[in-house]
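full-length UniProt numbering puts the first residue of the sequence shown at 1, with every later residue one more than the last.
Accompanying notes for the structure given below.
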Amino acid sequence: MKEQENVERYLRGEMSDVEKSAFEANLQHDEKLKNAVEVQRQLIEQLRSRANAEQQIKAAKEELAQAEGNNDEWNEETVSQSELETTLVTQIRTRALVEEQIKRAREEMEEERADKQLTITMRPRRKLIGYVTFAAAMIAGVVMIWQPTQLSNDAFVEKYAGLVPTSITISTTTNDLVRGNNTLIEGMTAQESEIAIAAIKQIAARDYPNAEKLLQSIESLHEKNARLYFYLGLSRLLQKKDCVGIFEELNRDNASFGADVLYYLSLAYIQNGNLSKAKTAIQKMQALYPHQSSLSKAMLKELRWF
Numbered sequence: 001m002k003e004q005e006n007v008e009r010y011l012r013g014e015m016s017d018v019e020k021s022a023f024e025a026n027l028q029h030d031e032k033l034k035n036a037v038e039v040q041r042q043l044i045e046q047l048r049s050r051a052n053a054e055q056q057i058k059a060a061k062e063e064l065a066q067a068e069g070n071n072d073e074w075n076e077e078t079v080s081q082s083e084l085e086t087t088l089v090t091q092i093r094t095r096a097l098v099e100e101q102i103k104r105a106r107e108e109m110e111e112e113r114a115d116k117q118l119t120i121t122m123r124p125r126r127k128l129i130g131y132v133t134f135a136a137a138m139i140a141g142v143v144m145i146w147q148p149t150q151l152s153n154d155a156f157v158e159k160y161a162g163l164v165p166t167s168i169t170i171s172t173t174t175n176d177l178v179r180g181n182n183t184l185i186e187g188m189t190a191q192e193s194e195i196a197i198a199a200i201k202q203i204a205a206r207d208y209p210n211a212e213k214l215l216q217s218i219e220s221l222h223e224k225n226a227r228l229y230f231y232l233g234l235s236r237l238l239q240k241k242d243c244v245g246i247f248e249e250l251n252r253d254n255a256s257f258g259a260d261v262l263y264y265l266s267l268a269y270i271q272n273g274n275l276s277k278a279k280t281a282i283q284k285m286q287a288l289y290p291h292q293s294s295l296s297k298a299m300l301k302e303l304r305w306f
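Dropping the structure here:
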């Protein structure tokens, strides 16, 4: 909190010369502080732009009201037909111009207000048939004949881990003050955002080892972006690496994408041979997320054969 207050005081010019010198010295080598200053400066500019836009709307409305108010004077004045027509045309044009100014100002405000999202489509797995919904896409291969035989843990995970989302969406914003790639992922610096975006592209290309390496290079990834931490766990799962701890942490967080967390947590348990915990996770997913009911039932049915 104190750091944020110092950033605001610095940008408002409220620091003494000594404070300012010390702050700028820290700014030279502290990337986190530098990013905080840039983000705060952008926020100030956005607020100023919004205030200007609101002022334009107010002025335009006043101009429109004044133009319409002239109608009251027509009954008190004697004007020729041509003068009246000219006045009407002028007022119509003025009204159209003012309404366009109001519309443009509002659009600019909405653009400044709206955060962007980064969405990257993933490559489909050739071994799986793509059904209409994630919950329904449960059968691998072209034809599968059901036989009451056990699947190995690896075979079970291979079958169900292939049902990964077809796209990855991460909330982002734009910082025009950052040089180069100015897309910022929520909670991250410009440099971290660049690394994270590269990792997302690696996941989309199913290059999980490189994706894992990139995501692990981001300090405190879990605290900064839970969704990216989830994809770190997924990249490890698809390499048959231990990832139980990652999904357990996300499950304790009660993440907004809880159904995905429980689904892959159950697979992580199975991969580690802990079938009892896997069953509990699937049952919890079935109880909390009815839209996953078909998938949960299918998994539990096969899990009973272990």
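Beta carbons: idealized from backbone N, C-alpha and C, even for Gly.
Predicted, not measured: the structure shown is a model, and the values here were computed from it.
Asked, Found
"Bounding residues of the alpha helix (DSSP H) (the contiguous stretch that carries Ile185)", "From DSSP, Ile185 is part of no alpha helix (DSSP H) but of the beta strand (DSSP E) over 183 to 185."
"Sub-9 Å separation of Val39 and Leu184 beta-carbons", "yes"
"Exposure label - Arg236; buried when at least 16 CB within 10 Å", "buried"
"Short Cβ contact (9 Å threshold) for Tyr263 with Leu288", "no"
"Bounding residues of the alpha helix (DSSP H) (the contiguous stretch that carries Lys241)", "Counting along the chain, Lys241 falls outside any alpha helix (DSSP H), and DSSP gives it neither H nor E."
"Of the residues Lys297, Gln28, Val37, Leu238, the one placed nearest Asn210, counting alpha carbons only", "Leu238"
"Terminal residues of the alpha helix (DSSP H) in which Leu300 lies", "293 to 303"
"Span separating the alpha-carbon of Leu27 from that of Glu45", "20 Å"
"Check whether Ile203 and Tyr160 have beta carbons under 9 Å apart", "no"
"Contacting residues, own chain, Cβ-Cβ under 7 Å from Asn35 (five flanking each side not counted)", "Thr189, Ala190"
"Beta-carbon gap between Lys279 and Leu250 smaller than 9 Å", "no"
"C-beta atoms of Ile170 and Asn254 nearer than 9 Å", "no"
"Nonlocal neighbours in the same chain, by C-beta distance under 6 Å from Leu300, ignoring five residues either side", "Ile282"
"Short Cβ contact (9 Å threshold) for Ala268 with Met285", "no"
"For Leu151, the first and last residue of its enclosing alpha helix (DSSP H)", "Unbroken run through Leu151: none, as it is neither H nor E."
"Proximity winner among Arg206, Ser152, Ser220, Ser293, relative to Asn274 (alpha-carbon distances)", "Ser152"
"Limits of the unbroken alpha helix (DSSP H) element including Gly258", "258 to 271"
"C-alpha distance - Ser18 paired with Arg9, whole-angstrom precision", "According to the sequence as given, residue 18 is Val; it is not Ser. Going by the C-alpha atoms only, they are around 13 Å apart."
"Inter-residue Cα distance where the pair is Glu223 and Glu31", "18 Å"
"Span separating the alpha-carbon of Met138 from that of Lys297", "Only weak support exists for where Met138 lies, its pLDDT of 36 falling under 50; the value from the coordinates is given anyway. Roughly 11 Å separates the two Cα atoms."
"Secondary structure of Gln40, DSSP reduced to three states", "helix"
"Alpha helix (DSSP H) segment containing Glu24, residue limits", "17 to 29"
"Segment limits, alpha helix (DSSP H) that includes residue 307", "Examination of residue 307 is not possible in this model, given that the chain is present from 1 through 306 alone."
"Closest by C-alpha distance to Gln292, when choosing among Val261, Asn272, Lys277, Gln271", "Val261"
"Backbone CA spacing between Asn272 and Lys213 [nearest angstrom]", "22 Å"
"Residue environment, Asn6, which counts as buried when at least 16 other CB atoms sit within 10 Å", "buried"
"DSSP-derived helix/strand/coil call for Glu255", "According to the sequence as given, residue 255 is Ala; it is not Glu. Coil, per DSSP."
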